[in-house]
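Input: a single structure, listed below in structure tokens.
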Amino acid sequence: MPYKLDAADLETILALSRTGTLVQAGERLGVDASTVFRNLRRIERGLEQQLFERTRSGYRAKEIALALAEHAEQVEVQVESARSIAQQVPEQVAGTVRITTTDTILHGLVAPALKQLEATHPLLTYELHTGNEIADLGRRDADIAVRATKQPPEYLVGKQVGPIQVALFASKQYDAVQRYEDVTAGKARWIAPDDALPGHPSVIWRKRHFRKVVPHYKVNSILTVMELVALGMGVGILPTFLTRGRSDLVQLTDILHDCQTDLWVLTHRESRHLRRVSTVFKYLSTTLKI
């Protein structure tokens with residue numbers, strides 16, 4: 001008699017295909033790793049074929065597992081939609097929304113927006129992940145991505161909020177540099193994310209206009225660039241949304257138009273139909289001001 005997959009089987013396959021390890025899959029499912037292993041063995045025996053390749057780094061989904069995971073995602077979306085409909089207070093949206101962004105965008109834009117959203121949707125909770133990668137949204141490790149990019153991945157849908165304008169800044173207490181001419185004269189120490197973000201527009205711009213300059217401080221985020229600039233430790237290229245209202249900083253250049261990129265609010269095609277996701281997505285898309 002053919003093996004009959006059920007919803008729990010699909011949930012196991014989806015969790016393992018997303019995470020790649022028994023431990024992480026178990027955390028998603030609320031069981032231990034040994035239970036995930038036993039369930040996988042049972043499913044594979046029933047289907048009479050291997051669903052995952054065992055590698056040193058974990059479990060890699062084979063073609064059939066990926067196909068089953070797609071169906072499992074559809075089931076997941078439908079279940080969440082049904083839960084939203086069944087809420088006792090229809091106008092109230094509840095649940096957890098996972099957002100991935102950079103620390104700079106979180107600090108300057110997303111966190112203040114979520115604080116305002118709390119007043120109208122107090123039952124929503126959030127998991128906030130900061131990093132420079134965007135791939136986690138494709139694996140459904142996040143529901144929404146707020147990213148600076150010129151070309152979002154094709155598998156995501158979203159809205160372009162607008163251009164992120166940047167300029168060169170120094171601190172008012174950095175006596176050696178208070179004008180752009182001080183920078184061109186070689187008086188400035190530079191603060192930049194060269195190693196962490198080698199393709200960042202600010203890094204490319206500096207290398208084009210100041211080819212011989214080696215940053216005195218190399219950091220791993222634009223937020224850290226601002227913190228060090230504010231301390232008077234050097235100059236750095238910063239987004240103007242981050243410096244808005246900062247009376248302690250001096251803008252040394254006009255807006256560097258050839259150095260700007262675009263801010264996008266992105267989500268997966270199927271996740272956008274979930275009420276909790278669509279609520280936050282629409283709010284961020286219309287509220288974020290840069």
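Counted from 1, the sequence shown has number 260 at position 260 by my numbering; the numbering is strictly sequential. No residue lacks a Cβ here, since even glycine has one placed at the ideal position from N, Cα and C. As the structure is a prediction and not an experimental result, all values here were calculated from the model.
Neighbourhood of residue i by C-beta distance below 7 Å, restricted to the same chain and skipping five residues each side
| i | result |
| --- | --- |
| H107 | L223 |
| Q49 | I64 |
| G232 | S171, Q173 and Y174 |
| G158 | P152, W264, V265, L266 and T267 |
For residue i, the first and last residue of its enclosing alpha helix (DSSP H)
| i | result |
| --- | --- |
| G26 | L22 to L29 |
| S285 | R275 to T287 |
| K207 | P201 to H209 |
| G95 | First-last for G95: G95 to T101, but that is the beta strand (DSSP E), not the alpha helix (DSSP H). |
Beta-carbon contacts of residue i that lie in its chain and below 6 Å, excluding the five residues immediately before and after
| i | result |
| --- | --- |
| M226 | L238 and L242 |
| Q92 | L123 |
| G26 | D32, A33 and V36 |
CB contact check: residue i to chain D, cutoff 7 Å
| i | result |
| --- | --- |
| V183 | In the structure shown, chain D cannot be found, because there is only a single protein chain. |
Candidates the options: closest to residue i by CA position
| i | options | result |
| --- | --- | --- |
| L263 | V161, L156 and P112 | V161 |
| G46 | K4, K62, K218 and N220 | K4 |
| V219 | V213, R211, L228 and Q74 | L228 |
| K212 | P201, A188, F281 and M233 | A188 |
| T253 | L168, F52, R60 and R208 | L168 |
| V79 | L109, Q251 and A7 | A7 |
| R56 | T184, Q50 and T21 | T21 |
| I290 | E48, R147, H129 and L66 | R147 |
| Q214 | M233, W190, A230 and S221 | This sequence places Val at residue 214; Gln is not what is there. Closest by alpha carbon: W190. |
Local Cβ density within 10 Å of residue i, reported as buried at 16 or more and exposed below that
| i | result |
| --- | --- |
| E127 | exposed |
| E76 | buried |
| H257 | exposed |
| A135 | Annotation note: pLDDT 47 at A135 (below 50); position unreliable, no value reported. |
| L68 | buried |
| A170 | buried |
| G199 | exposed |
| L123 | exposed |
| A15 | buried |
| G186 | exposed |
| R54 | exposed |
Proximal residues to residue i (C-beta, below 8 Å), its chain only, five neighbours per side dropped
| i | result |
| --- | --- |
| I204 | C259 |
| I255 | Q165, V166, A167 and T240 |
| E270 | E73, Q74 and V77 |
Distance, residue j Cα to residue i Cα
| i | j | result |
| --- | --- | --- |
| L284 | A113 | 7 Å |
| R18 | D248 | 45 Å |
| T102 | M1 | 51 Å |
| I164 | K150 | 11 Å |
| A119 | T100 | 22 Å |
| V277 | D143 | 7 Å |
| V280 | Y155 | 20 Å |
| A196 | T261 | 18 Å |
| G30 | V23 | 10 Å |
| V97 | L266 | 13 Å |
| T287 | I43 | 46 Å |
Opening and closing residue of the beta strand (DSSP E) in which residue i lies
| i | result |
| --- | --- |
| R179 | Neither: R179 is in no beta strand (DSSP E) and is coded neither H nor E. |
| P239 | G236 to P239 |
| A196 | Per DSSP, A196 belongs to no beta strand (DSSP E) and is neither H nor E. |
| D248 | Note, D248: premise wrong, no beta strand (DSSP E); not H, not E. |
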